[in-house]
Amino acid sequence: MRLLVLLRQLLDPAGMLVNRKAGKVFVNREEYMINPADKRALEAALQIKDATGAEVVAAAVGPARTEDALREARALGADRAILIKEDVAAPAGRFYEALCDSLGDVDLILTGDSALDTGEAVGPQLAEMVNMAFLGNAVQCALEGAVVRIVRRDVRDATQRAYNGVEADLPAVVTVTRSGPTPRYPHGGAIIEMYRDPEAVEIMTAADLGLDDSALQPAVVERGQSFPPEREFGKQMTVEEIAERMTP
Amino acid sequence: MNLNDLQALMGEAIEIDEYRDLWVVDLGNTARAAPLLGEARRMADSLGAYLHYVGPADSGEAIALGADRVHPLAAAGADAAVATLAALFANAKPEFVFLAADETGNEVAARLAGRLHGGVVLNCIALRLDEAAREVVASHPVYDGAHYLDSAVTAKPQIFTVRPEIFPMPARDSGRTGEVEPVAASEPEHPSRDTGPAAHTPPATPLHKAARVVAVGRGGNDAATVEVARLLAAKLGAHFAGDRSAFDSGWIGKEDIVGVIGTEIAPDVYIAAGIWGDTLHRAGTEGAKFVVAIHPDASAPIFNAADAAVVGQPKDVLPRLLALL
Chain A
1 MRLLVLLRQL LDPAGMLVNR KAGKVFVNRE EYMINPADKR ALEAALQIKD ATGAEVVAAA
61 VGPARTEDAL REARALGADR AILIKEDVAA PAGRFYEALC DSLGDVDLIL TGDSALDTGE
121 AVGPQLAEMV NMAFLGNAVQ CALEGAVVRI VRRDVRDATQ RAYNGVEADL PAVVTVTRSG
181 PTPRYPHGGA IIEMYRDPEA VEIMTAADLG LDDSALQPAV VERGQSFPPE REFGKQMTVE
241 EIAERMTP
Chain E
1001 MNLNDLQALM GEAIEIDEYR DLWVVDLGNT ARAAPLLGEA RRMADSLGAY LHYVGPADSG
1061 EAIALGADRV HPLAAAGADA AVATLAALFA NAKPEFVFLA ADETGNEVAA RLAGRLHGGV
1121 VLNCIALRLD EAAREVVASH PVYDGAHYLD SAVTAKPQIF TVRPEIFPMP ARDSGRTGEV
1181 EPVAASEPEH PSRDTGPAAH TPPATPLHKA ARVVAVGRGG NDAATVEVAR LLAAKLGAHF
1241 AGDRSAFDSG WIGKEDIVGV IGTEIAPDVY IAAGIWGDTL HRAGTEGAKF VVAIHPDASA
1301 PIFNAADAAV VGQPKDVLPR LLALL
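If you read the protein sequences in the order shown, they are chains A and E.
Residue numbers for the first sequence follow the working numbering, so the first one is 1 and each next one is one higher.
Residue numbers for the second sequence follow the working numbering, so the first one is 1001 and each next one is one higher.
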């Protein structure tokens, strides 16, 4: 049984300041973190590992700094970590598709529902590329034999507080939301060990995965930034209007 | 004359882009998908393209709202929708596809992009058509709405999911004509199965991470009104808190004080009932996205930080709000 967890490293918003008036994002501290939803997906994978003894492989696409995210994943309990050292503008789905081919027998792919910094959703795109079942927006995820079961918010329920179980046969792709399982903390000694171990992260390139330039063309390009309007004096509303605003 | 003859005659290669037309996909929530027809109609007119509608709505209605061709498709789960649409789009080769952005819409859009090797931008809040480049530049929120990215799709088809209430409902034109083409439904290859309602208790969120907060202060509040506020919090699934004056009155614990002295919060919805809103309180709630302020005194500074302001006694306002929600 092999689980593949896809991680994305992004700028920590705690070090950013968005100035709506100037129309700029100021990066005061260039610190990086794992996409919060991806971290919960990793936790879901580690819980499956604890229950069944499956192998957890963490993978990420990005420049050299992304190694930190993968070392963190190793310290948390991932068995292998693979960095695909490429520009992040290239579509990550293509890399992961090729990685699945080169790894062989991947039973379950877990990742976050969307990236905090771009809003990109790799999971559903990858599911169709590698032709697997797809279960989205999980808050719980468990394996039973060759069936993966998730719990997710019931989309038909207007109160947004009912949950629904969904299952699919393996192999499958599951995306986990930010309400997923609470991530564990890595042991301090494990972090030191992973930084001492030069082999902790395996590094691959597009050429290793047999991808040529045509596969690396970005599918979505950024053309600029825009900003929400500045906050103005509160608008007087009636109670009915407020109730209407807040009822989904 | 076929294309090869024409090319031989003109002595140059003519490139015909096989991706064409705009499609609006409605996965069952017609109230959210119909406004997209109006916007897509405008784009179709300026591009000189046809507008197709796939969905469960009455075909005459979809044509009246702007569609040229209607492909009736009964509402079904995401798996079935992906299988049917992928088969349909593999032949039709749409240039642009628009869906309403909800859980199902985002899932179907992203899966279609994976299947068709297109590109997708999710949760758009604005669309701008570049006619010369034949591309749509879409604004979509990142970092939980801290700012927006303007993205364009360079792969084909270009798929977008659009947040509700961005575009107005288009005007009906019952004189329009259009065609109806049936769609062959396809079975999903790897279907997921619904196993019914499941129990899940979201982990208790600490006050500083709560998505909704109802806070009380001493302005016009008494113990009975505080109980109503507590009920309101329970009904909204919100965290119940207060300012320093509420703590002094014994209505909340010390860990539930909101403000710089206490806990700084940044919820999506913040209801401040009877809170005066001094500088330290406002600084501690700066990050709140939608602030409802209720206070009897119209000069309370909390109104300067409010999105919705109600000048009135909380004991009158809160029960009415509770009854309406």
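The beta-carbon is built from N, C-alpha and C at its ideal position, and this holds for glycine as well.
Keep in mind it's a predicted model, so treat the numbers as computed, not measured.
#1: Considering only residues of the same chain and omitting the five flanking positions on each side of A/A99, which have a CB-CB separation below 8 Å?
#2: From this set, A/E230, A/A51, A/G136, A/A54, which residue's C-alpha is nearest A/A172's C-alpha?
#3: Mind checking the segment 8-34 of chain A against chain E and listing, in chain order, the residues whose C-beta falls within less than 7 Å of any C-beta there?
#4: Relative to the ligand PLP, is the shortest distance from any of its heavy atoms to the C-beta of A/P63 smaller than 7 Å?
#5: Buried or exposed: where does A/S102 fall if 16 or more other Cβ atoms within 10 Å of its Cβ makes it buried?
#6: If A/A90 sits next to A/P218, beta carbons under 8 Å apart, how far is it from one beta carbon to the other, in whole angstroms?
#7: Chain A partners of E/L1207, CB-CB under 8 Å?
#8: Who are the near neighbours of E/H1071 in its chain, counting only those whose CB is closer than 6 Å to its CB and skipping five residues on each side?
#9: Any beta carbon from chain A within less than 8 Å of E/I1014's own beta carbon?
#10: Span of the beta strand (DSSP E) holding A/Q140?
#11: Please state whether the Cβ-Cβ distance between E/D1256 and E/L1322 is less than 8 Å.
#12: Taking C-alpha atoms, which residue in A/Q225, A/P63, A/R65, A/L46 lies nearest to A/V56?
#13: Using only the alpha-carbon positions, how far apart do E/L1073 and E/A1109 sit?
#14: Buried or exposed: which applies to E/E1165, given that a residue is buried once 16 or more other Cβ atoms fall within 10 Å of its Cβ?
#15: For the putative contact between E/E1107 and A/P124, defined by C-beta atoms under 8 Å, what is the C-beta separation to the nearest angstrom?
#16: Please work out which residues of its chain come closer than 8 Å, Cβ to Cβ, to A/M237, disregarding the five sequence neighbours upstream and downstream, and give them in chain order.
#17: Quick check: what's the CA-CA separation for A/Y195 versus A/R80?
#18: Compile a chain-ordered list of the residues in the segment 1105-1119 of chain E whose CB is closer than 9 Å to at least one CB of chain B.
#19: Look at A/G119 and E/H1147 and say whether their C-beta atoms are less than 8 Å apart.
#20: Rounded C-beta distance between E/L1036 and E/E1131? I'm assuming under 8 Å.
#21: Roughly how many whole angstroms lie between the Cα atoms of E/V1260 and E/H1281?
#22: Could you check whether the Cβ of E/L1325 sits closer than 8 Å to any Cβ belonging to chain A?
#23: Counting only beta-carbon atoms, is E/N1123 nearer than 8 Å to chain A?
#24: Alpha carbon to alpha carbon, what distance is there between E/D1278 and A/E301?
#25: Using 8 Å as the limit for Cβ to Cβ distance, is A/G252 near chain E?
#26: Going by the DSSP bridge assignment, what does E/D1150 pair with across the sheet?
#27: Could you tell me the alpha carbon to alpha carbon distance between A/K39 and A/P183, rounded to whole angstroms?
#28: Just checking: is the beta-carbon of A/A45 within a distance shorter than 8 Å of some beta-carbon in chain E?
#29: Closer than 8 Å by C-beta to E/V1317: which residues in its own chain qualify, once you throw out the five before and the five after it? Chain order, please.
#30: Just how far apart, CA to CA, sit A/F134 and E/S1192?
#31: Identify the contact partners of E/L1321 in chain A, using a Cβ-Cβ distance below 8 Å as the criterion.
#32: Round the Cβ separation of E/D1222 and E/K1289 to the nearest angstrom and send it over; I've been treating them as touching at under 8 Å.
#33: Cβ atoms of A/T52 and A/L143: under 8 Å apart, would you say?
#34: In the segment 1270-1294 of chain E, which residues sit with their C-beta less than 8 Å from some C-beta in chain A, listed in chain order?
#35: Mapping the DSSP letters down to three states, classify E/M1001 as helix, strand or coil.
#36: Could you tell me which whole alpha helix (DSSP H) segments of length 4 or greater appear in the segment 83-119 of chain A?
According to the data block:
#1: Indexing the first sequence from 1 puts residue 99 of chain A at position 99. In the sequence on display, residue 99 of chain A carries Leu and not Ala. These residues qualify, in order along the chain: L4, A59, I82, I84, M204, L209.
#2: If you number the first sequence from 1, residue 172 of chain A lands on position 172. Of the candidates A/E230, A/A51, A/G136, A/A54, the one whose C-alpha sits nearest the C-alpha of A/A172 is A/G136.
#3: P13, V18, V25
#4: This structure lacks the ligand PLP; in fact it carries no ligand of any kind.
#5: Against the first sequence, residue 102 of chain A aligns to sequence position 102. Counting Cβ neighbours within 10 Å, A/S102 comes out exposed, since fewer than 16 surround it.
#6: Taking the first sequence and counting its residues from 1, one reaches residue 90 of chain A at position 90. Taking the first sequence and counting its residues from 1, one reaches residue 218 of chain A at position 218. 6 Å between Cβ atoms; contact.
#7: Counting from 1 along the second sequence, the entry for residue 1207 of chain E is found at position 207. Here the premise fails: no neighbours, minimum Cβ distance about 17 Å.
#8: If you number the second sequence from 1, residue 1071 of chain E lands on position 71. Closer than 6 Å at Cβ, skipping near neighbours: V1054, E1181, V1183.
#9: Here the question's residue 1014 of chain E lines up with position 14 in the second sequence. Here the model assigns E/I1014 a pLDDT of 49, short of 50, so the residue's position is not dependable, and the following value carries that caveat. So no, E/I1014 is outside the interface.
#10: As a first step, residue 140 of chain A must be located in the first sequence, where it is residue number 140. Start and end: 133-144.
#11: Here residue 1256 of chain E corresponds to residue number 256 of the second sequence, with the count starting at 1. Here residue 1322 of chain E corresponds to residue number 322 of the second sequence, with the count starting at 1. Not in contact: E/D1256 and E/L1322 (Cβ atoms no closer than 8 Å).
#12: The sequence position of residue 56 of chain A within the first sequence is 56, counting from 1. Nearest C-alpha to A/V56: A/L46.
#13: Here residue 1073 of chain E refers to the residue found at position 73 when the second sequence is read from its first residue. Here residue 1109 of chain E refers to the residue found at position 109 when the second sequence is read from its first residue. So the two alpha carbons sit approximately 16 Å from each other.
#14: Counting from 1 along the second sequence, the entry for residue 1165 of chain E is found at position 165. Classification for E/E1165: exposed.
#15: Translated into positions along the second sequence, residue 1107 of chain E becomes position 107. Translated into positions along the first sequence, residue 124 of chain A becomes position 124. The pair is a contact, with the Cβ atoms about 5 Å apart (cut-off 8 Å).
#16: For this step, residue 237 of chain A is matched to residue 237 along the first sequence. R245, listed in sequence order.
#17: Here residue 195 of chain A is taken as the residue at index 195 of the first sequence, counted from 1. Here residue 80 of chain A is taken as the residue at index 80 of the first sequence, counted from 1. Rounded to the nearest angstrom, the gap between the Cα atoms of A/Y195 and A/R80 is 14 Å.
#18: The structure shown contains no chain B; its protein chains are A and E.
#19: Here residue 119 of chain A corresponds to residue number 119 of the first sequence, with the count starting at 1. Here residue 1147 of chain E corresponds to residue number 147 of the second sequence, with the count starting at 1. No, the Cβ-Cβ distance between A/G119 and E/H1147 is not below 8 Å.
#20: As a first step, residue 1036 of chain E is located in the second sequence; it is residue number 36 there, counting from the start. As a first step, residue 1131 of chain E is located in the second sequence; it is residue number 131 there, counting from the start. Not a contact, Cβ separation roughly 19 Å.
#21: By 1-based counting over the second sequence, the position of residue 1260 of chain E is 260. By 1-based counting over the second sequence, the position of residue 1281 of chain E is 281. Using only the alpha carbons, I get a separation of about 6 Å.
#22: One-based indexing of the second sequence puts residue 1325 of chain E at position 325. At least one chain A Cβ lies under 8 Å of E/L1325.
#23: By 1-based counting over the second sequence, the position of residue 1123 of chain E is 123. So yes, E/N1123 belongs to the interface.
#24: For chain A, the structure presents residues 1 to 248; residue 301 of chain A sits outside this window and is missing.
#25: This structure leaves residue 252 of chain A out entirely; chain A is present only between 1 and 248.
#26: Walking along the second sequence from the start, residue 1150 of chain E turns up at place 150. Note: E/D1150 is bridge-paired with A/G224, E/S1139 in the DSSP secondary-structure output.
#27: Locating residue 39 of chain A in the first sequence gives position 39, counting from the first residue. Locating residue 183 of chain A in the first sequence gives position 183, counting from the first residue. Their Cα atoms are separated by approximately 7 Å.
#28: Locating residue 45 of chain A in the first sequence gives position 45, counting from the first residue. No, no contact with chain E.
#29: The residue given as residue 1317 of chain E occupies position 317 in the second sequence. Hits under 8 Å: A1273, I1294, V1310.
#30: Start at 1 with the first residue of the first sequence, and residue 134 of chain A comes out as number 134. Start at 1 with the first residue of the second sequence, and residue 1192 of chain E comes out as number 192. Rounded to the nearest angstrom, the two C-alpha atoms are 7 Å apart.
#31: Here residue 1321 of chain E refers to the residue found at position 321 when the second sequence is read from its first residue. Simply V239, I242, A243.
#32: One-based indexing of the second sequence puts residue 1222 of chain E at position 222. One-based indexing of the second sequence puts residue 1289 of chain E at position 289. Rounded, the Cβ-Cβ distance is 29 Å, inconsistent with contact.
#33: Position 143 of the first sequence, counted from the start, is the residue given in the question as residue 143 of chain A. Position 52 of the first sequence, counted from the start, is the residue given in the question as residue 52 of chain A. In contact: A/L143 and A/T52 (Cβ atoms closer than 8 Å).
#34: F1290, V1291, V1292, A1293
#35: Here residue 1001 of chain E refers to the residue found at position 1 when the second sequence is read from its first residue. Below a pLDDT of 50, predicted positions are generally treated as unreliable, and E/M1001, at 49, falls in that range; no measurement from the model is reported.
#36: 92-103
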